[in-house]
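Everything on this sheet refers to the single structure shown next.
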Amino acid sequence: MPLPRTAAAATAVVLTAGSLVASAPAALAAPAAPGAPGAPAALTDELLVVGHRGASAYRPEHTLAAYELAARMGADMIEPDLVMTADGVLVDRHEPEISGTTDVADHPELADRKTTKTIDGTSYTGWFTEDLTLAELKTLRAVERVPELRQRNTPYDGAYEVPTFEEVLQLRERLSAELGREVGVIPEIKHGTYFDSLGLSMEEAVVAALREHGLDGAGAPAAVQSFETANLRELDGEVDVPLVQLTSPTGAPADLVAAGDPRTWADVVSPAGLADVAGYADVLGPDKAQVIPLAADATLGEPTSLVTDAHAVGLLVVPYTFRPENEYLPAELDLGTDPAAHGLADAELAAFWRAGVDGVFTDAPDTGVESRAAFLAERA
Ligand code: G3P
Ligand code: CA
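Right, dumping it as structure tokens:
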């Protein structure tokens with residue numbers, strides 16, 4: 014369902030006090046690379062650390078405990094991925110299918126809900142949030158997604174509920190008051206076109222929740238992300254918070270595929286595509302491999318032109334996802350041969366800070382904060 018357009022002005026964004034904050038559109042009028050003459054000062058002064066799905070390296074993802082730990086580790090913003098229940102409540106899961114992150118399979122009373130669905134062209138078998146009411150979902154408990162890599166998280170299996178977006182916003186307020194700083198929230202609308210097709214449109218609910226908590230205006234410690242494009246274009250006229258266009262190295266945005274639009278992610282991150290994105294979004298959220306790909310030997314390669322190209326049209330660049338385990342690190346940064354062992358995550362982050370990124374999504378906010386401090390000291 015399209016959102017009503019109430020204001021057409023593009024919103025620029027600067028990084029202020031470690032958070033994404035909407036600014037006057039004028040900032041977009043004179044785009045320049047960070048550090049270059051004419052670059053908005055704020056663009057170069059603050060670098061953002063986002064707690065990806067919370068502090069997922071240390072607690073089961075998308076639990077209140079994970080978000081709280083991320084904030085206590087110093088994350089500027091916490092990141093709930095959002096899907097919807099059968100009764101239209103926004104809840105925090107990375108995907109509608111929840112057998113990998115909850116104990117739903119252990120609930121015989123829900124056994125008949127197991128089914129197979131195709132979402133954005135991929136078939137999934139399991140249990141789906143849109144087939145459960147919130148009351149049913151609240152009987153489940155979160156479990157670690159990758160127990161083989163994050164065994165230290167498994168003692169928390171069964172300890173936490175699946176949170177609602179509302180609970181995250183309440184947590185954000187409580188932690189902001191306690192910590193004496195605004196903890197930002199950066200929700201991602203997951204599979205918007207798919208949920209639209211079920212009559213469970215999420216965009217309106219996200220806007221309503223942000224408004225309810227006073228997070229829909231310029232300067233609010235909030236931003237909204239999506240891998241789709243049409244919903245961000247609609248939100249650009251609806252809320253005055255930074256909008257984050259997420260991108261992938263391969264494939265195409267699901268909403269464009271559904272509409273028969275032939276544009277791919279490669280088109281979106283081309284110079285012309287980025288100029289289009291800058292018309293409705295403020296931040297580019299690429300896969301980290303789109304910023305610095307791995308070389309043939311799986312070591313960190315050379316930076317692409319993406320940061321420069323995005324900055325040239327006024328987009329900040331906040332790549333995902335930085336993780337501390339050897340499994341996810343460039344080969345030369347592994348420590349030992351155990352995929353679950355933590356390697357030199359700070360060195361990977363340092364390479365990205367030096368490549369000019371404006372922030373990072375990380376499962377280990379402590380490494381994000383520490384690497385940022387080291388980089389700022391190096392740059393001083
Ligand atoms: O939103 C940034 C990052 O989270 C995007 O990837 O799949 O982890 O939601 P994903
Ligand atoms: Ca996300």
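In the working numbering, the protein residues as written are 14 to 393. For every residue, glycine included, the Cβ atom is placed at its ideal position computed from N, Cα and C. Just so we're clear, the structure is a prediction, and the values are computed from it rather than from any experiment.
Taking Val257 as the centre and dropping the five residues before and after it, the same chain places the C-beta of Ala236, Gln238, Val296, Gly298 closer than 6 Å to its C-beta, in chain order. Counting every other CB atom within 10 Å of its CB across the protein chains shown gives Ser318 a total below 16, marking it as exposed.
When Cβ pairs closer than 8 Å are counted between the two stretches, the region 363-371 is seen not to touch the region 176-191, the count staying below three. In the same chain as Arg106, and ignoring 5 residues on each side of it, the C-beta atoms closer than 7 Å to its own belong to His75, Asp94, Val96, Thr114, Thr142, Val175, in chain order. Contact between Ala279 and Val254 fails: their C-beta atoms lie close to 28 Å from each other, not under 8 Å. Here the alpha carbons of Tyr169 and Arg158 stand approximately 12 Å from one another.
By the Cβ-count criterion, Leu103 is buried, with 16 or more other Cβ atoms from all chains shown falling within 10 Å of its own Cβ. Taking 8 Å as the cut-off, the beta carbon of Glu81 is found closer than this to the beta carbon of Leu188. Assignment of beta strand (DSSP E) within the region 211-255, counting only whole runs of 3 or more residues, yields 237-239 in chain order. Looking at the backbone, the Cα of Glu195 and that of Glu338 are separated by about 29 Å. Counting of Cβ neighbours within 10 angstroms places Ala172 among the exposed residues, the total staying below 16.
Going by C-alpha positions, Leu259 is about 8 Å away from Asp300.
A check of alpha carbon separations from Ala222 across Val198, Tyr137, Leu77 identifies Val198 as the nearest. From the listed residues Ala390, Trp366, Ile132, Ala393, the smallest Cα separation to Leu61 is found for Trp366.
Counting only residues of its own chain and dropping the five nearest sequence neighbours on each side, Ala311 has a CB closer than 6 Å to the CB of Ala344. By the C-beta density criterion, Arg165 is exposed, having fewer than 16 other C-beta atoms within 10 angstroms. Placement of the Cβ of Glu92 at a distance of less than 7 Å from at least one heavy atom of ligand 2 is found.
Val320 is a Cβ neighbour of Val330, given a cutoff of 8 Å. Ligand 1 has no heavy atom closer than 7 Å to the beta-carbon of His75. Here Leu269 really is in contact with Arg276; their C-beta atoms are around 5 Å apart, less than 8 Å. Straight across, the Cα-Cα distance linking Glu217 with Ala358 is about 38 Å. Our two residues, Arg154 and Asp116, have alpha carbons roughly 6 Å apart in a direct line. In the three-state reduction of the DSSP assignment, Leu342 falls in the coil class.
In this structure, DSSP gives Asp105 an extended state, which the three-state scheme calls strand. With a threshold of 7 Å, the Cβ atom of Gln258 does not count as near ligand 1, since no heavy atom of the ligand is closer than that.
The C-beta distance from Ala363 to Ala387 rounds to 7 Å, short enough to fall under 8 Å. As the crow flies, the alpha-carbon of Asp119 is around 30 Å from that of Ala377.
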